[in-house]
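Numbering (the numbering used here), first residue to last: 210 to 346. Just so it is clear, CB atoms sit at the ideal spot from N, CA and C, and this is done for glycine as well. Here is the structure we will look at, set down as structure tokens.
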């Protein structure tokens, strides 16, 4: 079960990293086309509602992409620690909490209903692991 959970965390980190990689390598790319039935959502998928409203340009997309990348890398490395990689065993909880927290910031900046599952995963990680990081007094 530990390996399965770790693999899930690594997969979540890979998806998060892929989102960031796209923003960093191609910040001026056109937003992803959405199906017609999703016309009710006010913003484009893959663009920050805040950055777009402030009209900050493509350079800020790189910063947003770096945020996604940092979250994804922390989740991947933390997931590898969860699987049992000895060098990462002591760092897995802080890495997973950091990755999930950075992921929540990125998700808030780039929110789209397609990201609801990622929000739930990151919230669950922080909620379930916080007690391991900060012991009760």
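Assign residue 254 to one of three DSSP states: helix, strand, or coil.
Within the chain shown, residue 254 is the residue found at index 45, counting from 1. Residue state, collapsed to three classes: strand.
Below 7 Å between beta carbons: does that hold for residue 228 and residue 277?
Indexing the chain shown from 1 puts residue 228 at position 19. Indexing the chain shown from 1 puts residue 277 at position 68. Contact flag set, yes.
Do you know how far the Cα of residue 224 is from the Cα of residue 280?
Position 71 of the chain shown, counted from the start, is the residue given in the question as residue 280. Position 15 of the chain shown, counted from the start, is the residue given in the question as residue 224. So the alpha carbons of these two residues sit roughly 10 Å apart.
By a C-beta neighbour count over all protein chains shown, 10 Å radius and 16 as the cutoff for buried, is residue 309 buried or exposed?
Residue 309 sits at position 100 when you count from the first residue of the chain shown. Looking at its Cβ environment, which holds 16 or more other Cβ atoms inside 10 Å, residue 309 is buried.
Nearest to residue 285 by CA position, among 321, 213 and 220, is which residue?
Within the chain shown, the letter at position 76 stands for residue 285. Here the closest residue by C-alpha is 220.
Starting from the C-beta of residue 215, find all residues in its chain whose C-beta is less than 6 Å away, skip the five residues before and the five after it, and write them out in chain order.
Taking the chain shown and counting its residues from 1, the one referred to as residue 215 is at position 6. In the same chain as residue 215, and ignoring 5 residues on each side of it, the C-beta atoms closer than 6 Å to its own belong to 288, 291 and 292, in chain order.
Are the CB atoms of residue 329 and residue 302 within a distance shorter than 7 Å?
By one-based count along the chain shown, residue 302 stands at place 93. By one-based count along the chain shown, residue 329 stands at place 120. Taking 7 Å as the Cβ cut-off, residue 302 and residue 329 do not qualify as a contacting pair.
Whose CA, out of 218, 211, 260 and 270, lies closest to the CA of residue 307?
For this step, residue 307 is matched to residue 98 along the chain shown. If we check each option's Cα against that of residue 307, 218 comes out closest.
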